[in-house]
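Okay, so here's the structure we're looking at.
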Amino acid sequence: MKLKRCFITLLPFISLIFLPSLVSSQACQRNCGNLPIKYPFGTGPGCGDPRFQQYVTCDQQKLTLTTHTGNYPITNIDYSNQVIYISDPSMSTCACSQPSKGFGLDWDAPFSFTDDNVFTLLDCSTTSSPIFRSNSYNVDNSSAVPLCDKQGAPICSYLYSCRAISILNLPISTCCVYTPVDLGPSFELNLQKLQCSSYSGFYSFSGQESNPDNWMYGISLKYKFNVYNDYPNSCADCEKSYGVCGYTGTYNSFVCNCPNGINTTSTCFFVSSFSNGLRLLPLQTGTLFIYSLSWILAMVLL
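Printed below as a string of structure tokens:
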């Protein structure tokens, strides 16, 4: 009986040593609306990567990007190429022309523009807008680089032929395919400063350059996992066990949120085993040891 008492006393202690620690639960989801959510994004506090938490949020099953210029619906995420696609409700398209204040990224946001973006400024002042000044100079007295791309003239023609824009009878000279060389630490499309009433942005011609009705309107943004752009191994293992990557505590320590609502510091494999009577699942650190102890305990109690 002493052996039995000793073993029963040691089992919880040994379990604490070898089992992945369980921490307080977070409510992380694998989807937001019809969009799958994977690292580095999350559906709430404690989910995903904390650096992205303030910028990408899921509210009422709608995924949104927030910057200092407004809130923008995320329409798609290309996880293989690490690109998110957003729409701007105030942006002009071939189907709708409307005033806009522009778009800007926060200087510390973990995003950058992809090379596929094309921004076209609409209804700009040809007399006072800085994008048309050809006699300005840089600090080194060299001629300033034009902010309008001459090669983009056909794009202006196609856009201004759209019914929503053509009814405004705007001169083609008020259109500018905006291509500043130096975007700075944050991209700021300030239409008030540029003295343009609206803008249009798209990231693909959809194979139909002369048909603006079918262009992919919106903005595409690139993101990185870290300075080396390596996918965290702990997160990859968590997702393989059907968990969702998250964080907790003062130092934003990694946790794996499991489908049953329990968080673990490793993966969900053991949690699934524990919840289902220690069924045989892919083994994690300490699990084989506990199986052995369970078998010994059964033998001793016979």
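Reading the sequence shown from the start, the letters are residues -25 to -1, 1 to 277 in mature numbering (1 follows the signal peptide of the UniProt record, and there is no 0). The beta-carbon is built from N, C-alpha and C at its ideal position, and this holds for glycine as well. Quantities reported herein were computed from a predicted structural model and do not represent experimental measurements.
Quiz item: Counting Cβ pairs closer than 8 angstroms, one from the stretch 171 to 187 and one from the stretch 203 to 214, do we hit at least three?
Solution: Counting Cβ pairs under 8 angstroms, fewer than three are found: no touch.
Practice problem: State the beta-bridge partners of residue 231 as determined by DSSP. | Solution: Partner(s): 220 and 239.
Quiz prompt | Those runs of the alpha helix (DSSP H) which lie wholly inside the stretch 139 to 203 and span at least 4 residues | solution = Within the stretch 139 to 203, the alpha helix (DSSP H) runs of at least 4 residues that lie entirely inside it are, in chain order, 166 to 169.
Quiz item: In terms of residues, what are the limits of the beta strand (DSSP E) holding residue 60?
Solution: It spans 58 to 61 - the beta strand (DSSP E) in which residue 60 sits, taken as one unbroken run.
Quiz item: Quick one: what does DSSP say residue 94 is sitting in, helix, strand or coil?
Solution: Note: residue 94 maps to strand in three-state DSSP.
Exercise. May I have the straight-line CA-CA distance separating residue 80 from residue 88, to the nearest angstrom?
Key: Residue 80 and residue 88 have their C-alpha atoms spaced approximately 9 angstroms apart.
Exercise. Kindly list the residues whose CB is nearer than 6 angstroms to the CB of residue 148, restricted to its own chain and excluding five residues on each side of it in sequence; keep chain order.
Key: Excluding sequence neighbours, residue 148 sits near 101.
Quiz item: Does the separation of the CB atoms of residue 137 and residue 95 fall below 8 angstroms?
Solution: No, the pair does not count as a contact, with Cβ atoms beyond the cut-off.
Quiz item: Are three or more beta carbon pairs between the stretch 206 to 214 and the stretch 67 to 84 nearer than 8 angstroms?
Solution: Output reads no: the stretch 67 to 84 does not touch the stretch 206 to 214.
Exercise. Output yes or no for whether 8 angstroms exceeds the beta carbon distance between residue 12 and residue 40.
Key: Their beta carbons are not under 8 angstroms apart, which means residue 12 does not touch residue 40 by this criterion.
Quiz item: Any heavy atom of the ligand FAD closer than 7 angstroms to the Cβ of residue 28?
Solution: Because no ligand of any kind appears in the structure shown, any question about the ligand FAD cannot be addressed here.
Quiz item: Pick from 143, 167 and 78: whose alpha carbon is nearest that of residue 104?
Solution: Nearest of 143, 167 and 78 to residue 104, Cα basis: 167.
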